[in-house]
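Asker: In the working numbering, the protein residues as written are 1 to 173.
Heads up, the beta-carbon is just placed ideally off N, CA and C, and yes, glycines get one too.
Predicted, not measured: the structure shown is a model, and the values here were computed from it.
My structure is below; once you've seen it, I'll send some questions.
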Amino acid sequence: MSVNASAPALDVNPEVVDARMNFRNAMSRLGAAVHIVTTDGPGGRAGFAATAVCSVSDSPPTLLVCLNRTSSAYLPLKENGVLCVNVLSADHADLSQLFGGKTPVDERFAGATWAPLTTGSPALDDALVCFDCRVVSVADGHTHDILICEVLTTVQPKAGQSLIYLDRKYHAL
Numbered sequence: 001m002s003v004n005a006s007a008p009a010l011d012v013n014p015e016v017v018d019a020r021m022n023f024r025n026a027m028s029r030l031g032a033a034v035h036i037v038t039t040d041g042p043g044g045r046a047g048f049a050a051t052a053v054c055s056v057s058d059s060p061p062t063l064l065v066c067l068n069r070t071s072s073a074y075l076p077l078k079e080n081g082v083l084c085v086n087v088l089s090a091d092h093a094d095l096s097q098l099f100g101g102k103t104p105v106d107e108r109f110a111g112a113t114w115a116p117l118t119t120g121s122p123a124l125d126d127a128l129v130c131f132d133c134r135v136v137s138v139a140d141g142h143t144h145d146i147l148i149c150e151v152l153t154t155v156q157p158k159a160g161q162s163l164i165y166l167d168r169k170y171h172a173l
């Protein structure tokens, strides 16, 4: 996986800041499923909470995942080149909070039970779905890398309500 490790400098022009805040406020109204994206391998174990995940194709099965270049998971994921997208249930709001902030990596993973899948990436034992993936390409998304990920294994540990993030709050659906 070849990526640029430096994030672009943020513009502090008041008009740009206002436009950025307006965009963020508008995006808060776009409900999205909540995921924990994990990786493990030579680059180390890491994970982050994500809503910017979507299907690309079923032939071959492919997902798109956006990764902030300032994330603590950025360098480990870049080196490992593999990840697992764990789709969260309504019961996982606290776990999402652990992976969404500055919590140390060991504490994040201590909040649940995990098992490695084909790539070695940690899969959440009670996720709604786990997509075990290999990163096949990376595109520049300004502050983020856009990862195109080939799904190697899909596991559906349990059924339940999805965890959705909307209006800066968690909801069950």
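(1) Residue ranges of each alpha helix (DSSP H) run of no fewer than 4 residues wholly in the segment 3 to 88, ordered along the chain?
(2) Anyone know if the C-beta pair for LEU147 and ASN86 falls short of 9 Å?
(3) Between the Cα of SER55 and the Cα atoms of PHE131, VAL105, ALA159, ASN80, which residue gives the shortest distance?
(4) Given that a residue counts as buried once 16 or more other Cβ atoms are within 10 Å of its Cβ, and exposed if not, what is HIS92?
(5) Tell me whether the beta-carbon of VAL82 lies closer than 9 Å to the beta-carbon of THR113.
(6) DSSP three-state call for HIS144: helix, strand or coil?
(7) Check the DSSP bridge columns for GLU150 and list the partner residues they point to.
(8) Thinking just about the alpha-carbon of each residue, which of SER71, GLY120, PRO42, SER89 is nearest to the one in ILE164?
(9) Hey, quick one: how far does the alpha helix (DSSP H) through LEU186 stretch, first residue to last?
(10) Give me the residue from GLN156, ALA50, ILE36, VAL151 with the minimum Cα distance to PRO60.
Answerer: So, from the listed chains and residues:
(1) 14 to 27, 74 to 80
(2) no
(3) PHE131
(4) buried
(5) no
(6) strand
(7) THR62, ARG134
(8) SER89
(9) Summary: the structure shown does not reach residue 186, with the chain confined to residues 1 through 173, and so no result is reported for it.
(10) VAL151
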